[in-house]
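One structure is given below, encoded as structure tokens.
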Amino acid sequence: MVTSTNSHPRRQRRRQFLQSAAGAAGGLGTVLALRQAPALAQTRELTFLTVASFVPDTDKELKRQFEEWGKQNKVKVRLDIIAHLQLQTKKAAEVQAKSGHDLTALGPGLGDAALYYDYLVDLADLAGDVGPKNGGWLRPDDYLIRGKWTLLPWWQPPFPMAIRTDILKKLDETPPDTWEDWLRVGKKAKAIGHPFGTAMGHSGDANTTLLSILWSYGGSYVAKDGQTVTINSPETREAMEFVKRLYTEAMDPEVLAWDDASNNRCLNAGKCFAIHNPISAYESAKKDQVVVPGTKQPIAEVIDHVNTPRGPKGRYATTGFWCVGIWNFSKNVDAAKDFLRFHFQPDNQARWVEAGHGFNMPFLNNLTNHPVYKSDPQYRNIPDVAKVTVPPSWPGPTTAASQQVCDLYIIPDMFAQYATGRMTLDQAIAWGEKEISAIYSKRRG
Amino acid sequence: MTLKTADLDLAASVADEAPLAVRRRRPRFVARDTRAAWWFIAPAFLLLAFLVAYPFVLSVWFSLSDARVGTSGSFVGLDNFERLFSSSIFLQTLQNSFVFTAAALTAKIVFGMALALLLFRITRFKRLIRGAILLPFIVPTALSTLVWWWMFEPMYSVVNWTLKTLHVVERDIPWLPDPYLAMVVVVLVNVWRGLPFFAITLLAGLVAIPRELYEAAEADGAGPVRRFWHITLPLVTPVLGVVILFSAIFTLSDFNIVYVLTKGGPLNMTHLFATYSFTLGLQGGEIGLGAAVSLFLFPILLAVVFLQLRLMRRAAIYE
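So the sequence lines, in the order shown, correspond to chains C and R. For my numbering, count along the first sequence from 1 and bump the result up by 21. For my numbering, count along the second sequence from 1 and bump the result up by 136.
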């Protein structure tokens, strides 16, 4: 028989409950006040926020390296991979809360470094270590934001021209080299149902290709001083006249609504004759074993990549400059720097580039000569494209204003306003100049 | 049978009519009740204060400041609003927002009423059909809009494929690349999503109308059109007012549909306040300017709410 010695069981239970609750609340209050986990729960953890690559093996290799470093240093690691379109809001939320991951991917573009300048750790020591070990940085002056290394340029997907060789053969042509030549061949290709494809709407690819054309014709939207707006120039007019002809004579109107994946789909569906794009379309065609419509021929076998086109004033290209940085509100700055030092070791970089099939080209000289670029004739021009790749703000420095010009798609809209006939040439340029000037006049730095 | 308008604020009139003696006899009881009431209201009040009032006050502050991501910024008065008025993209956004809201609301009122009348008359599989009608409202917007995007996608639009297969058109219709058609598509998707809300709520209003009124009208020789204009419409007006009020707010502040379908393009012709505010505030880090864009909605919505509530207080009754 079980007897209770407790004469006030209910009161006791209630008292015990109240004591436990008060204890728990007090403990929680202390933890919140100190903003530090109790000793028992304190396991060192390094967190890294990055974007999903178009070539998923890249992310697997990064995860492997991160875990290997964690094991070596007895640090728990967590790699969070999100879609690249989610990165903007995620970064903004972390900065606003001054809490979140230790390491973060930044981009596309170097603008994040200007935008979050006050919240990023100076990585000059790291850049100084990493560069010489890898044959130096490609264009180090471009990566300095207000004279500081607030980020490490991480990888870029260079923009060659992907072309269908079977269609080219049908047209009895050789791969074009200049923008004008692309228009000439593009017209012929469109006539047989295979238009040229480049985005002209609100997408990153539209910014990339139209800026490449603008520079190749000698135009720019901001001067080297980063303040003078230079969009209203005879060179811009020439570039816009060219794009109008390219749009009306060699492309379909659908490009106005294309997103960053549309040109890949257009090429792999057998519709587009050529697209200005990284090698991701080819990689997915190979992986998914896509065939030329109506045949059993794998489409990857009739895709070739040639250099980004040349204009009257030279050959220029840009791309998404993906970078990596460390938040200054991180409690693991030293560990984060140590991991970056590990990841940027030449052998780790080489493995990582190999996993990405060269899609993720680092901004380091030695890596442009990685064997992967010789492993497949498709990649032979990629290092050349990387050498003429400049930041989107070129020739001006990267600033919050230059980033906003891209974010608001001012350049694609300006080109499209004229190409579609919604505005005259003068009106479209005046519109672009007004919008860009308004951004630059309000956003210094 | 006479039509009158009545003040529905019954609580006030009941309080006014309470006998003085009763009021005097219950002070302690009332005081105890009041204290308890405060405790009951407190959670909701705190929730409103933290989740509604605080963000609202903060966004007002942001709109009057040069706040960037991570900084609270300094006071700049109406500078952000001045900047917006000098931006052609904002003026285009303003125009788009009114066109989008007016077109979507009109379509939802007309088709919502028609659907409600239809549902009212359906007797077989009534519950199943009414449940199915609600589906577009239940499915997460981002998900359903992705399906719409696939249907109007520039290259492989299933709508174009169907139209071409049926020989209705010979060439693809540029649904999303054409600035005007893109607006038609975003309005269409908004109407598709909002229609169930209109239909089901109006149906509730229709069910509440006493049948005797229709019987009396029929006995007086009124046809279906006259019965609709003189009985259905006046009696369903308060419900319609509430539905329009809510829908106007949700439509004017729509984000998902435009963001998934067009990202504000082509040529900024589908940007709405929410998408433009997102672009400036979160993508560009200009929190102050972004807040000014979203706050631009506030006086407009305030005017809409004020007008709607005034109209709704005048309810139609038959005696």
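Quick reminder that beta carbons are idealized off the backbone N, C-alpha and C, glycines included.
Exercise for the section: To the nearest angstrom, report how far apart phenylalanine 234 (chain R) and alanine 422 (chain C) are at their CA atoms. Expected result: In the second sequence, the residue the question calls residue 234 (chain R) occupies position 98. In the first sequence, the residue the question calls residue 422 (chain C) occupies position 401. Near 29 Å, if we compare the C-alpha coordinates of alanine 422 (chain C) and phenylalanine 234 (chain R).
Exercise for the section: Check alanine 427 (chain R) in the structure and name its three-state DSSP category. Expected result: Position 291 of the second sequence holds residue 427 (chain R). Alanine 427 (chain R) falls in the helix class under three-state DSSP.
Practice task
Rank R:Thr298, R:Ala318 and R:Thr368 by C-alpha distance to the C-alpha of alanine 250 (chain R) and give the top, closest one.
Solution key: By one-based count along the second sequence, residue 250 (chain R) stands at place 114. When only C-alpha atoms are compared, the closest one is R:Thr368.
Practice task
Apply the 10 Å Cβ neighbour rule to lysine 119 (chain C) and answer buried if 16 or more other Cβ atoms are within range, or exposed otherwise.
Solution key: Here residue 119 (chain C) refers to the residue found at position 98 of the first sequence. Answer is exposed; the Cβ neighbour count stays below 16.
Exercise for the section: Check each residue of the stretch 284-295 of chain R: if its Cβ is closer than 7 Å to any Cβ of chain C, include it; give the result in chain order. Expected result: Taken in chain order, the members of the stretch 284-295 of chain R whose beta-carbon sits within less than 7 Å of a beta-carbon on chain C are Pro290 and Met291.
Practice task
Note down the Cα distance separating aspartate 129 (chain R) from alanine 271 (chain C), rounded to an integer number of angstroms.
Solution key: Outside the modelled stretch of chain R, which goes from 137 to 455, sits residue 129 (chain R), for which no answer is possible.
Practice task
Run down chain C in chain order and give the residues with a C-beta less than 7 Å from the C-beta of lysine 399 (chain R).
Solution key: By 1-based counting over the second sequence, the position of residue 399 (chain R) is 263. By Cβ distance, chain C contributes His223.
Problem - Coarse secondary structure for tryptophan 348 (chain C), derived from DSSP in three states - result: The sequence position of residue 348 (chain C) within the first sequence is 327, counting from 1. DSSP places tryptophan 348 (chain C) in strand when its eight states are reduced to three.
Exercise for the section: Confirm, please, whether the CB-CB distance from glycine 400 (chain R) to threonine 387 (chain R) is below 9 Å. Expected result: Here residue 387 (chain R) is taken as the residue at index 251 of the second sequence, counted from 1. Here residue 400 (chain R) is taken as the residue at index 264 of the second sequence, counted from 1. No, the pair does not count as a contact, with Cβ atoms beyond the cut-off.
Handout entry: Identity of the residues DSSP links to threonine 71 (chain C) by a beta bridge
Key = Start at 1 with the first residue of the first sequence, and residue 71 (chain C) comes out as number 50. Threonine 71 (chain C) is bridged to C:Ile102.
Handout entry: Bridge-paired residues (DSSP) for valine 205 (chain R)
Key = For the purposes of this step, residue 205 (chain R) is identified with residue 69 of the second sequence, where counting begins at 1. Bridge partners of valine 205 (chain R): none, in fact.
Exercise for the section: On a CA-only basis, which of C:Gly222, C:Pro330, C:Ile252 and C:Pro367 is nearest aspartate 428 (chain C)? Give me that one, please. Expected result: Taking the first sequence and counting its residues from 1, the one referred to as residue 428 (chain C) is at position 407. Put simply, of C:Gly222, C:Pro330, C:Ile252 and C:Pro367 the residue whose alpha carbon is nearest the alpha carbon of aspartate 428 (chain C) is C:Gly222.
Handout entry: With 16 other Cβ atoms within 10 Å as the buried cut-off, status of valine 441 (chain R)
Key = The sequence position of residue 441 (chain R) within the second sequence is 305, counting from 1. Label assigned to valine 441 (chain R): exposed.
Exercise for the section: Could you tell me the boundaries of the alpha helix (DSSP H) in which threonine 230 (chain C) lies? Expected result: For this step, residue 230 (chain C) is matched to residue 209 along the first sequence. Element bounds for threonine 230 (chain C): 225-237.
Practice task
Please check if any C-beta of chain R sits within less than 9 Å of the C-beta of threonine 269 (chain C).
Solution key: Against the first sequence, residue 269 (chain C) aligns to sequence position 248. Chain R contact via Cβ: absent.
Practice task
Consult DSSP for glutamine 177 (chain C) and reduce its assignment to one of helix, strand or coil.
Solution key: Indexing the first sequence from 1 puts residue 177 (chain C) at position 156. Looking at glutamine 177 (chain C) - three-state DSSP - the assignment turns out to be strand.
Problem - Short CB-CB distance (under 9 Å) between lysine 455 (chain C) and chain R - result: On the first sequence, position 434 is the one that residue 455 (chain C) refers to. True, the Cβ-Cβ gap to chain R drops below 9 Å.
Exercise for the section: State the beta-bridge partners of lysine 97 (chain C) as determined by DSSP. Expected result: Along the first sequence, read from residue 1 onward, the residue named residue 97 (chain C) stands at position 76. In the DSSP output, where bridge partners are listed per residue, lysine 97 (chain C) has C:Glu66.
Practice task
Mind listing the chain C neighbours of threonine 415 (chain R)? Cutoff is C-beta to C-beta under 8 Å, in chain order.
Solution key: For the purposes of this step, residue 415 (chain R) is taken as the residue at position 279 of the second sequence. Here the neighbours are Asp428 and Leu429.
Practice task
Pull up the distance between the alpha-carbon of leucine 61 (chain C) and that of histidine 122 (chain C), whole angstroms please.
Solution key: The residue given as residue 61 (chain C) occupies position 40 in the first sequence. The residue given as residue 122 (chain C) occupies position 101 in the first sequence. Residue confidence for leucine 61 (chain C) is low, a pLDDT of 45 falling below 50, so the modelled location carries little weight; the figure read from the coordinates is stated next. In a straight line, the C-alpha of leucine 61 (chain C) is about 22 Å away from that of histidine 122 (chain C).
Exercise for the section: Please name the residues in the stretch 417-435 of chain R whose beta-carbon is closer than 7 Å to at least one beta-carbon of chain C, in chain order. Expected result: Leu418, Gln419, Gly420 and Gly421
Handout entry: Where alanine 147 (chain R) sits in the DSSP three-state scheme
Key = To locate residue 147 (chain R), count along the second sequence from 1; it is residue 11. Any answer about alanine 147 (chain R) is weak, because its pLDDT of 40 lies below 50 and its placement is not dependable; what the coordinates show is given next. Alanine 147 (chain R): helix per DSSP, three-state reduction.
Handout entry: Below-9 Å beta-carbon distance, threonine 281 (chain R) vs any chain C residue
Key = For this step, residue 281 (chain R) is matched to residue 145 along the second sequence. No, no contact with chain C.
Practice task
Tell me whether the beta-carbon of leucine 204 (chain C) lies closer than 9 Å to the beta-carbon of leucine 136 (chain C).
Solution key: Numbered from 1 along the first sequence, position 183 holds the residue referred to as residue 204 (chain C). Numbered from 1 along the first sequence, position 115 holds the residue referred to as residue 136 (chain C). No, the Cβ-Cβ distance between leucine 204 (chain C) and leucine 136 (chain C) is not below 9 Å.
Problem - Residue closest to alanine 357 (chain C), alpha-carbon to alpha-carbon, out of C:Leu106, C:Phe75, C:Leu172 and C:Lys112 - result: On the first sequence, residue 357 (chain C) is found 336 positions in, with the first residue counted as 1. For the residues C:Leu106, C:Phe75, C:Leu172 and C:Lys112, the minimum Cα distance to alanine 357 (chain C) belongs to C:Leu172.
Exercise for the section: May I ask you to report which of helix, strand or coil DSSP gives arginine 185 (chain C)? Expected result: Taking the first residue of the first sequence as 1, we reach residue 185 (chain C) at position 164. In the structure shown, arginine 185 (chain C) sits in a strand (DSSP, three-state: E or B).
Practice task
Can you say whether glycine 442 (chain C) is buried or exposed, counting buried as having 16 or more other CB atoms within 10 angstroms of its CB?
Solution key: Position 421 of the first sequence, counted from the first residue, corresponds to residue 442 (chain C). Flag for glycine 442 (chain C) reads exposed.
Problem - Rounded separation between threonine 195 (chain C) and aspartate 202 (chain C) - CA only - result: As a first step, residue 195 (chain C) must be located in the first sequence, where it is residue number 174. As a first step, residue 202 (chain C) must be located in the first sequence, where it is residue number 181. Going by the C-alpha atoms only, they are around 10 Å apart.
Practice task
Provide the residue span of the alpha helix (DSSP H) that contains threonine 125 (chain C), from first to last.
Solution key: Numbered from 1 along the first sequence, position 104 holds the residue referred to as residue 125 (chain C). That residue, threonine 125 (chain C), is in no alpha helix (DSSP H); its beta strand (DSSP E) goes 124-127.
Problem - Where leucine 403 (chain R) sits in the DSSP three-state scheme - result: As a working note, residue 403 (chain R) is residue 267 in the second sequence. Correct three-state label for leucine 403 (chain R): coil.
Handout entry: Distance CB(leucine 255 (chain R))-CB(isoleucine 336 (chain R)) smaller than 9 Å
Key = Indexing the second sequence from 1 puts residue 255 (chain R) at position 119. Indexing the second sequence from 1 puts residue 336 (chain R) at position 200. Yes, these two residues count as a Cβ contact at 9 Å.
Practice task
Compute the beta-carbon to beta-carbon distance between methionine 291 (chain R) and lysine 211 (chain C), rounded to the nearest angstrom, for a pair I have assumed lies under 8 Å.
Solution key: The sequence position of residue 291 (chain R) within the second sequence is 155, counting from 1. The sequence position of residue 211 (chain C) within the first sequence is 190, counting from 1. At roughly 15 Å, the Cβ-Cβ gap does not stay under 8 Å, so methionine 291 (chain R) and lysine 211 (chain C) are not in contact.
Problem - Length of the line joining the Cα atoms of cysteine 287 (chain C) and glycine 218 (chain C) - result: Within the first sequence, residue 287 (chain C) is the residue found at index 266, counting from 1. Within the first sequence, residue 218 (chain C) is the residue found at index 197, counting from 1. So the two alpha carbons sit approximately 8 Å from each other.
Problem - Identity of the residue in C:Gly225, C:Tyr430, C:Asp325 and C:Trp279 nearest aspartate 187 (chain C) by Cα - result: Taking the first residue of the first sequence as position 1, residue 187 (chain C) is located at position 166. If we check each option's Cα against that of aspartate 187 (chain C), C:Asp325 comes out closest.
Handout entry: Classification of isoleucine 177 (chain R) by the beta-carbon crowding that lies within 10 angstroms, buried from 16 upward
Key = Position 41 of the second sequence, counted from the first residue, corresponds to residue 177 (chain R). Around the beta carbon of isoleucine 177 (chain R), fewer than 16 other beta carbons lie within 10 angstroms, which makes this residue exposed.
Handout entry: Bounding residues of the alpha helix (DSSP H) (the contiguous stretch that carries histidine 366 (chain R))
Key = Residue numbering aside, residue 366 (chain R) sits at position 230 when the second sequence is read from its first letter. Premise fails: histidine 366 (chain R) is in no alpha helix (DSSP H) and is neither H nor E.
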